[in-house]
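The structure appears right after this line, and notes come after that.
Protein chains: 2
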Amino acid sequence: MSDGNLQSDVLETPCAKKPKIDHENEKNGNDNQIPLNTFTPTKVLSNNTNRKTVFLLGKFKDKSGVAIVILEKNAFKEEELSSEGYFSAETRVHTFFNNDIYGNFECYPISKINGVKTTVIYPATDKHIAKYSKQEVHIVLESPDCYKNLTLPHLQKEQFNLQWVYNILEGKSEADRVVYDNKCEKEGFVLVPDLKWDGLTKESLYLLAIVRQRNIKSLRDLNETHLPLLKRIRDEGKKAILDKYNVAGSQLRIYFHYQPSFYHLHIHFTYLQHEAPGIYAEKSHLLDTVINNIEIMNDYYNKATLPFTIREMDPLFNIYETNGYVEKIKRIVNK
Amino acid sequence: MSDGNLQSDVLETPCAKKPKIDHENEKNGNDNQIPLNTFTPTKVLSNNTNRKTVFLLGKFKDKSGVAIVILEKNAFKEEELSSEGYFSAETRVHTFFNNDIYGNFECYPISKINGVKTTVIYPATDKHIAKYSKQEVHIVLESPDCYKNLTLPHLQKEQFNLQWVYNILEGKSEADRVVYDNKCEKEGFVLVPDLKWDGLTKESLYLLAIVRQRNIKSLRDLNETHLPLLKRIRDEGKKAILDKYNVAGSQLRIYFHYQPSFYHLHIHFTYLQHEAPGIYAEKSHLLDTVINNIEIMNDYYNKATLPFTIREMDPLFNIYETNGYVEKIKRIVNK
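Each protein sequence line maps, in turn, to chains C and W.
Reminder that position 295 of the first sequence reads as 295 in the working numbering, one-by-one numbering, no gaps.
Each position in the second sequence, counted from 1, maps to that position plus 335 in the working numbering.
The structure is reproduced here in structure tokens:
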């Protein structure tokens, strides 16, 4: 599934009550047309007011099963910021107030620039619903003992599949995407664009360095023996990004996630001014800070209590809950 | 200036070429009307594609001086998510693709729900332009020596005014806003809602704990003598927020900024799922991590190299640049 597959027909939503087919307009010949105007939302699964994105659960009239509809306001495009777009004579303006040099308005632009990105999942399964539902998230403090007795046994039991990582390291997958490759088995790594990045736009630059050593699960395993590896990734990664994308090292955020999404050591490189997901203090650890911590205490990551965030539906949450480290939110309706 | 001052007239934008005044519509009798359709942008100062907000510099036709226009897409409102709103029969739908259970569309909703929040600053000064311009930001690594020789002398020279903080601690300002007050001179603190928070909405909860001791500038000054103070703030702050706002301690992000915006020790409390400004790994340090670092090494913050972000126009940037720690971005046009 990709957002880039643009086709160019503008169709009226077919009306379920009068299923008239206008062959003039229906150039796609798409017999799987979604009647968006017959959608009735039953629940707002989540509403991100910063990113202007809403996730809705509901039903299509006369169709069985449930659907998820995701609406996302579009970012502003430069070509719309003109007298043909937002500053057209046809733009209506509603004044809230004028105060000295400040004015506050609501403007209603012409229709063609009012598009809202719409994604439909139909029929939607319980897994889809869980994925898009707002979930209670907690911070857990993982002491070294908690790591040994709770987190590590869980990771060993789950045996996450890392074959896709090994395929990249061995050049069997994504070989054409590799930006930099240091083949040293001990201190080498592969630098690839993250799947979330288009590979072009500096403002959303996002690459991953994946180490060649296979026995380092996460931050927790790092000590002074890894300093040459970590410094090489920092220095060679910065240089490769400067050479290829012309972004200076001082404008990169270089960090680990804890917990990571997969347990083979990897390091994120993002543009400092890009608000990438998961860059918050409770989840991300800057590579420079990690190097410094190990330099001032070589077993720092064996001694430190590390926070991590966890959703209530995660199996690891149950383990920490059972052992009394965190409690589920009680669903009491307030007021 | 406040966004909450709603007035209710919907006006057509006056057209500069045909300055016909429609007295029927102009119920405000506002003689300071901004002709938004005569605005010509000359530069995109910045474009936040996550938050769907754009900052434009430009001119109004036949008016002297420059103006800033800020456009921000609105978040989705629940009442618009119905057959009277996005799922109206009048909504036009443009199909990108259908693939199995996934469909990707652009929908063009009815006009009345297409409002865009618009702020005009006219005439705009150079200070306004600097404030809203995308600025080059860098990460600087502050070693203990850099702190002593560069950062600290700069802070001492600037002598930031902290009277507003002392007014809160002495009950001379914002006394009615105080959520919790521990009056102990050594280990006490005041907990107040941050000015960015409305004081009500759990989803954007944001409070500040300001310590009563006056000689602690920042994280850098902390050592084992401060552990009782830090633990008291953590424990009593969590309890006060649970009692008053019914938010569990495990759902709070409790952290310092480095560099802070003012040099009197204070600690931020935000709701974990709120994407508050400045919560990124390069800027925020969780209180629990700070306590743990001091517990495993009592002079950790005297020995650590701490990263901080800085804008090129900040005077401290010049100090670090002059000393060779960071370089300005060279403005070379790529491609």
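The C-beta atom is built at its ideal place from N, Cα and C for all residues, glycine as well.
Open item on the list: Only counting the same chain, and skipping five residues up and downstream in sequence, which positions put a Cβ closer than 8 Å to that of Ala465(W)?
Closed with: Met648
TODO: Starting from Tyr501(W), follow the alpha helix (DSSP H) in both directions and report where the run begins and ends.
DONE: 498–504
- [ ] Count the other C-beta atoms from every protein chain shown that fall within 10 angstroms of the C-beta of Cys184(C), then say buried if there are 16 or more, exposed otherwise.
- [x] exposed
Task: Secondary structure of Val661(W), DSSP reduced to three states - done: coil
Task: Glu170(C) classed as buried or exposed, judged by whether at least 16 other C-beta atoms fall within 10 angstroms - done: exposed
Open item on the list: Within 10 Å of its beta-carbon, does Phe591(W) have 16 or more other beta-carbons around it, so buried, or fewer, so exposed?
Closed with: buried
Open item on the list: So for Lys408(W), helix, strand or coil by DSSP?
Closed with: strand
Task: Enclosing alpha helix (DSSP H) for Lys566(W) [first to last residue] - done: 562–580
Open item on the list: If contact is defined by three or more beta carbon pairs under 8 Å, each pair taking one atom from either stretch, is the region 437–445 of chain W in contact with the region 608–615 of chain W?
Closed with: no
TODO: Determine, using beta carbons only, whether Lys408(W) and Lys112(C) come nearer to each other than 9 Å.
DONE: In this structure, Lys112(C) does not lie closer than 9 Å to Lys408(W) by Cβ.
TODO: Answer with yes or no whether the minimum CB distance from Arg567(W) to chain C is below 9 Å.
DONE: Put simply, the CB of Arg567(W) is far from chain C, with every gap to its CB atoms at 9 Å or more.
Task: Three-way DSSP call (helix, strand, coil) for Phe652(W) in this model - done: helix
TODO: Whole angstroms is fine: what's the gap from Phe604(W)'s alpha carbon to Asn246(C)'s?
DONE: Spanning the two alpha carbons is a distance of roughly 37 Å.
Open item on the list: Which runs of the beta strand (DSSP E) at least 3 residues long sit entirely within the region 93–165 of chain C? Give them in chain order.
Closed with: Segments of the beta strand (DSSP E) lying fully in the region 93–165 of chain C: 102–108, 116–121, 137–142.
Task: Arg311(C) classed as buried or exposed, judged by whether at least 16 other C-beta atoms fall within 10 angstroms - done: exposed
- [ ] Identify every residue that forms a DSSP beta bridge with Lys283(C).
- [x] DSSP lists no beta-bridge partner residue for Lys283(C).
Open item on the list: Report the CB separation of Ile403(W) from Ser423(W) in whole angstroms; it is logged as a contact under 8 Å.
Closed with: About 34 Å; that fails the 8 Å criterion.
Task: Lys378(W) - containing beta strand (DSSP E), residue span - done: 374–383
Task: Members of the region 288–303 of chain C that neighbour chain W once the beta carbon cut-off is set at 7 Å - done: Asp288, Thr289, Asn292, Ile296, Met297, Lys303
Task: Inter-residue spacing [alpha-carbon to alpha-carbon] between Tyr501(W) and Phe597(W) - done: 12 Å
Open item on the list: Mapping the DSSP letters down to three states, classify Leu191(C) as helix, strand or coil.
Closed with: In the structure shown, the three-state DSSP call for Leu191(C) is strand.
Open item on the list: For Gly237(C), count the other beta carbons within 10 Å of its own beta carbon; 16 or more makes it buried, fewer makes it exposed. Which is it?
Closed with: Here Gly237(C) is buried: its Cβ has 16 or more other Cβ atoms, across all protein chains shown, within 10 Å.
Task: Helix, strand or coil at Tyr86(C) according to DSSP, with G and I counted as helix - done: coil
Task: Spatial distance of Val93(C) from Tyr86(C) (CA atoms) - done: Rounded to whole angstroms, the gap between the alpha carbons of Val93(C) and Tyr86(C) is 11 Å.
Open item on the list: Excluding the 5 residues flanking Thr322(C) on each side, which residues of the same chain have their C-beta closer than 6 Å to its C-beta?
Closed with: Correct list: empty, nothing qualifies.
Open item on the list: What residue range does the alpha helix (DSSP H) around Tyr301(C) cover?
Closed with: 300–303
TODO: For the beta strand (DSSP E) holding Asp62(C), just list the boundary residues, first then last.
DONE: Segment: none, Asp62(C) is in no beta strand (DSSP E) and carries neither H nor E.
- [ ] Compare the beta carbon distance of Leu265(C) and Asp221(C) with 9 Å and say whether it is the shorter of the two.
- [x] yes
Open item on the list: Based on DSSP bridge pairs, tell me the residues matched to Pro642(W).
Closed with: Answer is Leu476(W), bridged to Pro642(W).
Task: Exposed unless 16 or more other CB atoms sit within 10 angstroms - verdict on Leu152(C) - done: exposed
- [ ] Give a yes or no on whether the minimum CB-CB distance between Asn653(W) and chain C is below 9 Å.
- [x] no
Task: Among Leu577(W), Arg386(W), Gln498(W), Asp511(W), the one whose alpha carbon lies nearest that of Lys537(W) - done: Nearest neighbour of Lys537(W) by Cα position, chosen from Leu577(W), Arg386(W), Gln498(W), Asp511(W), turns out to be Leu577(W).
Open item on the list: For the region 388–403 of chain W against the region 458–478 of chain W, do three or more pairs of beta-carbon atoms, one drawn from each stretch, fall closer than 8 Å, so that the two count as touching?
Closed with: Here the region 388–403 of chain W makes contact with the region 458–478 of chain W; the two share three or more CB pairs at distances below 8 Å.
Task: Spatial neighbours of Glu418(W) in its chain, beta-carbon cut-off 7 Å, leaving aside the 5 residues before and after - done: A quick correction: the sequence has Ser, not Glu, at residue 418(W). Contacts found: none.
Task: Interface partners of Thr486(W) on chain C, CB under 7 Å - done: What Thr486(W) touches in chain C: nothing, since even the nearest Cβ is about 16 Å away.
Open item on the list: Taking 9 Å as the threshold (C-beta atoms), are Leu287(C) and Arg212(C) in contact?
Closed with: no
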